[in-house]
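The opening residue of the sequence shown carries number 542 in this note's numbering; numbering runs sequentially from there.
Idealized CB from N, CA, C, for every residue including glycine.
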Amino acid sequence: MDTFEELKRIITNEKLDDKAKEFYLSNISTLDKEKQKSILDLVVKMNNAGFKNNIPAAYSEVTENIPQFARMSIFKEMQKIVRDIEGNLELADEFYEEDSELLDKFNDCFSENEAQKFLQIYTK
542 MDTFEELKRI
552 ITNEKLDDKA
562 KEFYLSNIST
572 LDKEKQKSIL
582 DLVVKMNNAG
592 FKNNIPAAYS
602 EVTENIPQFA
612 RMSIFKEMQK
622 IVRDIEGNLE
632 LADEFYEEDS
642 ELLDKFNDCF
652 SENEAQKFLQ
662 IYTK
């Protein structure tokens, strides 16, 4: 299957509204083979990294020179940080070694599950 046919298949299967699909099909068809290949390679790279709906980001990166893969990778890592409650507590403990009274008050107010839920909401 050639590059454009593969891109058409991906666009058709993406969770995009009909106008967006029409936009990408039309615009990608006018690009040269090199840019089409770059978009396809980037979509595959993004899929392998676990990102979803990658046609808009890949198209933007290739045609507008906006580094979408880097942006998405940073957001993915930020999500990992947000979900690392234990790591956040350890870091807070390191920064506030002299002020254990505040941490003790926090621990007295919440069960472990409540504290985790609170910190997830707070860090988002």
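request  = Indicate whether Ile596 and Glu547 have their beta-carbon atoms separated by less than 8 Å.
outcome  = Indexing the sequence shown from 1 puts residue 596 at position 55. Indexing the sequence shown from 1 puts residue 547 at position 6. No; because the gap between Cβ atoms is not below 8 Å, this pair is not in contact.
ask   = Just checking my contact of Ala599 with Ile580 at CB under 8 Å: how many whole Å lie between their CB atoms?
value = Here the question's residue 599 lines up with position 58 in the sequence shown. Here the question's residue 580 lines up with position 39 in the sequence shown. About 5 Å separates the two Cβ atoms, so the contact holds.
key: N-terminal and C-terminal residue of the alpha helix (DSSP H) that Phe610 is part of   = Here residue 610 refers to the residue found at position 69 of the sequence shown. Start and end: 609-624.
For Glu547, the first and last residue of its enclosing alpha helix (DSSP H) = Reading the sequence shown from its first residue, position 6 is the one you call residue 547. Residues 544-554.
task = Identify every run of the beta strand (DSSP E) within the stretch 555-600, keeping only runs that are complete inside it and at least 3 residues long; order them along the chain.
result = none
ask   = Alpha carbon to alpha carbon, what distance is there between Ala590 and Ser567?
value = Within the sequence shown, numbered from 1, the residue matching residue 567 stands at position 26. Within the sequence shown, numbered from 1, the residue matching residue 590 stands at position 49. Roughly 27 Å between the two C-alpha positions.
query = Is DSSP giving Phe659 helix, strand or coil here?
reply = In the sequence shown, the residue the question calls residue 659 occupies position 118. Correct three-state label for Phe659: helix.
query = Which value, in whole angstroms, describes the spacing of the CA atoms of Lys562 and Asn594?
reply = Working through the sequence shown from its first residue, we reach residue 562 at position 21. Working through the sequence shown from its first residue, we reach residue 594 at position 53. Each residue's Cα considered, the two are about 11 Å apart.
task = Express the C-alpha separation of Ile551 and Phe592 in angstroms, rounding to a whole number.
result = What you label residue 592 is simply residue 51 of the sequence shown in a count that begins at 1. What you label residue 551 is simply residue 10 of the sequence shown in a count that begins at 1. Looking at the two C-alpha atoms, the distance is approximately 14 Å.
message = Counting C-beta neighbours from all protein chains within 10 Å, is the total for Leu660 16 or more, i.e. buried, or is it exposed?
response = Position 119 of the sequence shown, counting from 1, holds the residue named residue 660. That one is buried.
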